[in-house]
Structure formats: C-alpha cells, structure tokens
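One structure is given here, and the rest of the page talks about it.
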Amino acid sequence: MVLFSIVVAGCQGAGQQGSDQPSVSKTVPMPSVAKDKKFYIIKDGAEKAVFLKGVNMGATKPGYFPGELAITKQEYLRWFQQIYDMGANTIRVYTTQNPGFYDALYEFNLGKQDPLYFMQGVWVNEDTMSSLMDPYAVDKKLLNDFIADAKNIADVIHGKITLPPKPGFASGAYTKDVSNYMIGWIMGIEWAPAFVANTNTKNAGMSDFTGTYIKTVGASPFEIFLATAGEGLIAYELEKYAVQRPLSFTNWVTTDTITHTNEPLHDEDYVSVDTEKIKATAVFKAGLFASYHVYPYYPDMFSFQAEYVNYIDPAGKKNPYRAYLKDLISRHTMPVMVAEFGIPAARGKAHENAVTGYNQGFTDEITQGKQLVSMLDDIHQEGYIGGLIFSWQDEWFKRTWNTMNFDNPDMRPYWSNAQTCEQQFGLLAFDPGVAPIVILDGQGSEWPQTSKIGTQGTRDLYMLTDEKYVYFMVRDTQQSLEGQRIIIPVNVTTASGSSTYETYRFDAPADFIININGAASKMLVHSYYDSYYYLYGEKLGLIEKHPEYAVKDNSFFNSMMLPVSKSLYLPVDQRQIPFTAYETGLLTNGIADPVSSSYNSLADWFVMGTTLEIRIPWQLLNFRAPSIGQIMDDFYTRSGFYSTQITSIQAGVNSTLAGETIALKDFTLKKWDMPTYHERLKQSYYTVKAKFLSLN
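Going letter by letter, the sequence shown gives residues 309 to 1004 in the working numbering.
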C-alpha cells in the first residue's frame, strides 16, 4: 500500500481511544481516488487513471442458498485466475463473504505487480426494510444496523475480526489484510421505490446532514440516510485504520433522477435518489462516485422512450442503451460507473427490448458475449469509469417472475432450471453432472443399452436424466430419421392427458407431445395441464378463456408459452401494448457439444442418420423439484400451484406403421440429495476476454 500524504482534521490514529477533539494530522493511505470524472489507482506514489472492468460475484454455487456461503478457498483461487486471465481488474461482491474469499484473494495477489482489485458492498436487511419501510423508524434501527454491518466489513477487509455464527450470514476468523486491494465501497441495494418514497414522506422537513467527511445539500430524507451511513463507515475506517477509499451508493434506473415520460409503469419512475446531493467534505480526499445497475431491457422505457429509441449511435444503429448512458452521465459531476450490466445466456426469456433484441433470455452464449461487449463499448466510450458484468457465475437458486409460480422455492438450488433466465447470467456455467451424461450431437455413442425403455416398430426409445434435462434418444434400426416426423408422447400424471393427438393414438393418456418436425418442431401440453393457460387465463383473466380446457379428458394440446410483458399503457404515445407472450415450447435444432465449432447453447434436438437426440428442460414437463420427483398437481382440483410426488414417467415413440397405437413405457426417475455439476467457461467468456484485453 502506498502512503499518500494528506492533512486530515478530526480523525484518530489507529489504536487511539475515542475523543471528541480532532487529532493531529496523519498520513493516510489511499489505495484509490475518485475525482474529475475519473477513477485512479494510487501506485508507487502516483495516480494512474484506470477503466474498471470486471465482474460481479455471487456468494453461492449449486446445492446451496447464498446465505450458506459455501464457496471454498480453492474454488475462489481457481475463479480469480480465470477472471484475471480474462483481463479483468476488478471484482465486486455485495456483502461480507466467507473468510475463504479474502484468504484466497490475499494469496492470489501475492507478488503481483498488477493485482486483482475488488469493490466491497454493504448489504441492507431486506426483511427489516420491508417491515419498517423507514430507516429512521424504531430508533433508527435500519440505519444503525447498516452502519454496524459496514463497520464489521471494514474490520473484515483489514483482517481484524472474528464473526460469530449467524444463520444466513458470513462467519469465522478474518485474518488476512486485503485492504490494499479494496478500491471502493458500494453501499446498499437496488432501492425499492416505495421504501424511498415512504422514507421521504415520513421524514419530510429533515435538515441536511453535515458530517466530518460527508455532507448533503438540499437532500431528501432518504439521501440523508445514505449520507449518514456513509459517514459512519468512512469515519470508522479512517479513525481505526487510518485509511480512506472512494465511496458510492447503489442506484438503478428505477430511482435515477431522469423523468422517463413514456415509462408505462408508475413504480419505475416516480421517485429519485440523487447522489449528487451527497458531497464529500474537504477532508474526504478519496472522493465519491456514482454507481448504477443498467440493463438494456428493463424498465420498459428502453423500448418506448422516443429520445432513446430513435438515437443512432456512431455505428449507425438504433441504440437506446447508449442514449440512456449519455443522458445519465450528463446529470453527474462526480465519476460514474455501471456497477451491473448483463445478458443471460438462457433458454427461458422474461423480458424483451423491442428495439435492439437485447433481451432477458432466449440468448445463446455467442450472442451473450457480443451483446456484453457492445454494452461495454457504450459504457467506455461515454466516459464512465468502469463497467462490471453481472455475473461471474450462474446461480441456480434464483427465480424469475414468469417461472417462479411453477417451481418449489425451497428446492431451487438443487437443480438447474433452463427456463429461469435469472439463473444463467454467468460467464461461468455450472453444467449438470460430474461430466456430461449426454452430448447432443446426433451420434448417441454415450447412451448405455440399459437406458432403452421400449421399442415401437423399428425404433428404439432411450431416456436419461441429469440435474437440468430429461434426454430422449430415438434410434431406428433400419432407416434414417432425417426429415422424418417423430412424435414422442410423455405422461407424468394420472390427473390429465389425452390418448389421441391428431391421427396418433396412445395406450395411455399423454400430458405432453414432443413433435420433431424440422423447423416446426415444438412441444405441446395437454390443455388441462397447461400451467400458462391456467394462471393467465383462468386465474388472472389476461388471456382468452376456454372452458373446454378445464375438462380433464379433453383432446386439446396447446403450444407452450411464457409471458414477457403484461399489458402496458404508454402515457406519451397514448396507446396500449397488449399482454405479450412467446412460444417457449418451440424446439431449436442444433449441436449442444461445447467443443464443437457448431455449438449452439440453445439447441434442443439434433438428428444424424438413424439417431435423434433431444433434451427437454425439467420445467417444460411441469416438474417443480426434479431432485425429489415433485411435479405440479391438478391446478383445478387444488385451485392453484401445488406439488405432488411421482416415481416414474412414461414415454413412447411413433413408428412408420400405419394405424398403430403408440405404447408408453415406464422410466424410473432418479432422485438426488446434492446435485453434481462441472464448471465450464461459456463462449461469452472468450468474447469478453478479447474485449477486456483490448482495453488495457
């Protein structure tokens, strides 16, 4: 660490007892400084302007919730090397990590001329926030807890604390001083607008805050809350450790200071958090910077705000993301960072940008990388001090608004839901199995003979499962399957299903039809077991009702849909955007072998000669928790989404025989306690790596 000489009034030397009187001038280490709309690393006595490029890192891995903080030191060391090799210089974490994170970072950076830096977050207890809705309520409980947690984290990064065990929180002995590598605080979370507004209403008329290091000018009560917390942290670290470093507060588009007149959702644009009203005093030399989470598809104004959607970037393309970045940075005098931006490489999709196609899901890994690099270019060229990708690793525990009704929240970490895009933002994938059980390439050599469940005519049907997919292989002993229409009926519950589909007949009712038919390949669901129709038609009335679907033994099969937007009213355009959904049951042809030059991470099926391979996400078969064999129970009988357990499912396949009845055969489900998985760097990692290295 470089000792950077500044005169500080009102701070105590490390180890001194508390005093109300200013101490003598001290030499204060500053590893970094934010000023003049730039960010500097202080090294060898000199300030070097840097562009912060890196990743946000979550606290978990498959099989665990984040509060279990299960990542090991060895895993961190491996990840740090991969992140460093990618050309990143910064990692951001959101709250206190387990000691393994800090121990690994200390060890990793030993002897490095250019270390891997990190930014440390300070979390807010969301349960307390939701219950109190005011940081000043109950003797300032939330404010005081926020400051106390920040002080503990200061001790953590200096390696001077042992945290006792507490469910949902990090604990253990923190003995490694990594403060040399910690270049900035980012306090807080994406603030709920109602929490901000209620704080301002309940505490109207509050006077501005004036601290030793932080003050406010014309601030709202919520901004004063942030300033007060920031003062508490800065004062503690400076007085105990004689260190100061740049400070920021988490913000996002929802609470920015810009009025988005065509934003259709009131909650996305009715209150602001203006960090320009929070100022550093003359003695806080490390400085303040603004940090925002900015995604290209949400809020909806990214698709409808005229001055953004009509903006043409230097490459000649419509680019509402860059237009917003240009607008946002113009509102600030302090340096600004995009602390989160991302695109999930996921099969499921939850939101769309109507202009650019930079969507929240149904994006392959190559496209994910290209879109991340495009956004990073925009961030860099608009003068931001950095951009941190969300996220380093996939997160199996996550939920998404359009799939969360259909799974068991207590079991999410134990399987990978390809339909939940929020789980798959990472550059590092956690693929199912110790090694791939099936490689979707149409060869089929990895399938054991024991996986065959039945034969129809000249076609054998095989099935396997892992923590992410149900796999099917059809092998014809006599003729090529290329160009053939293949029908696979699947039965998972006795509560629904039909024994006929088009001209096909089955010997047991089928809940799903896998229809492989070239570019028209898709999955269909029996209308009585259609969770999308039941929720958005029967319960919410957002799509047309069909009384015939509520008859158990009806013969209707529906396309499988997911919503991406509820109905929206655009206030400036004065027009209604209808409820929007897309067909998630469409099946993509392609090779899913990551080492193949033809790899498509969205591939669902591939046929070569006499062999057809298919992989179907568990949720497309209405599984709520495959690790314990839980499926969705009868919606109509139970009036909602509940679970029931099964031990097997049935499947069959058509043949070329006219007038046949397809026999459905049993497949016994394999259950598991802890998931197995293997790590894989996505294709997007290498695209981002090339860009990061070019920004050196």
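Glycine is no exception: its CB is placed at the ideal position from the N, C-alpha and C atoms.
Taking a contact to require three or more Cβ pairs closer than 8 angstroms, the segment 674-686 and the segment 981-1001 qualify as touching. For R923, the beta-bridge partners assigned by DSSP are Y779. Within the DSSP bridge table, the entry for S956 names T976 as partners. E690 and W700 have their C-alpha atoms spaced approximately 24 angstroms apart. Just measuring C-alpha positions, the residue of M609, R813, A598 sitting nearest F347 is A598.
Boundaries of the beta strand (DSSP E) harbouring R988: 985-989, taken from the DSSP string. Residue pairing of F865 in beta bridges, as defined by DSSP: H834. Taking the Cβ atoms as the reference, I747 lies roughly 5 angstroms from D901, within the contact range of under 8 angstroms.
If you compare the alpha carbons of G540, A818, L843 with that of V833, the shortest gap goes to A818. F477 and Y606 have their C-alpha atoms some 30 angstroms from each other.
Distance from V782 to L920 at the Cβ level is roughly 4 angstroms; contact confirmed, criterion being Cβ atoms closer than 8 angstroms. Going by DSSP, D815 is part of the beta strand (DSSP E) stretching over 812-818.
Membership of D422 in any beta strand (DSSP E) is not indicated, and neither H nor E is assigned to it by DSSP.
Judged by DSSP secondary structure, D942 falls outside any alpha helix (DSSP H); it is assigned neither H nor E. As computed with DSSP, A481 is found in a beta bridge with T470.
Looking from the CA of A342, the closest CA among E498, K593, I497 belongs to K593. Straight-line measurement puts the Cα of G845 at about 42 angstroms from the Cα of M495. Secondary structure note for L636: its alpha helix (DSSP H) is the uninterrupted segment 628-638. Ranked by Cα distance from E376, the first of G467, I391, S479, E615 is S479. Taking the C-beta atoms as reference points, I936 is found no nearer than 8 angstroms to K874. With fewer than 16 other beta carbons inside 10 angstroms of its own, K474 counts as exposed. Under the rule that a run must span 4 or more residues, the alpha helix (DSSP H) segments found entirely inside the segment 494-565 read 501-510, 529-549.
Minimum Cα-Cα distance from Q428 among the listed residues M683, K459, S438 corresponds to K459.
For secondary structure counted as the beta strand (DSSP E) over 3 or more consecutive residues, the segment 715-787 holds these complete runs in sequence order: 736-740, 760-764, 767-773, 777-784. With respect to the C-alpha of T955, the residue from L848, N799, V617, D861 having the closest C-alpha is N799.
With a threshold of 16 other beta carbon atoms within 10 Å, A354 falls short and is exposed. For M338 and P370, the gap between their C-alpha atoms comes out near 38 angstroms. When Cβ pairs closer than 8 angstroms are counted between the two stretches, the segment 782-793 is seen not to touch the segment 845-857, the count staying below three. When only Cα atoms are considered, Y857 and T758 end up about 38 angstroms apart. According to the DSSP assignment, V798 belongs to the beta strand (DSSP E) that extends over 794-799. From the listed residues S682, D774, T728, the smallest Cα separation to F670 is found for T728. Around the beta-carbon of K356, fewer than 16 other beta-carbon atoms lie within 10 Å, marking it exposed. Boundaries of the beta strand (DSSP E) around N364: 360-364.
Boundaries of the alpha helix (DSSP H) harbouring W387: 381-393, taken from the DSSP string. Within the same chain, Cβ atoms closer than 7 angstroms to the Cβ of E673 are found at A653, S909, K990, Q991, S992, the five residues on either side in sequence being excluded.
Around the C-beta of M982, fewer than 16 other C-beta atoms lie within 10 Å, and the residue is accordingly described as exposed.
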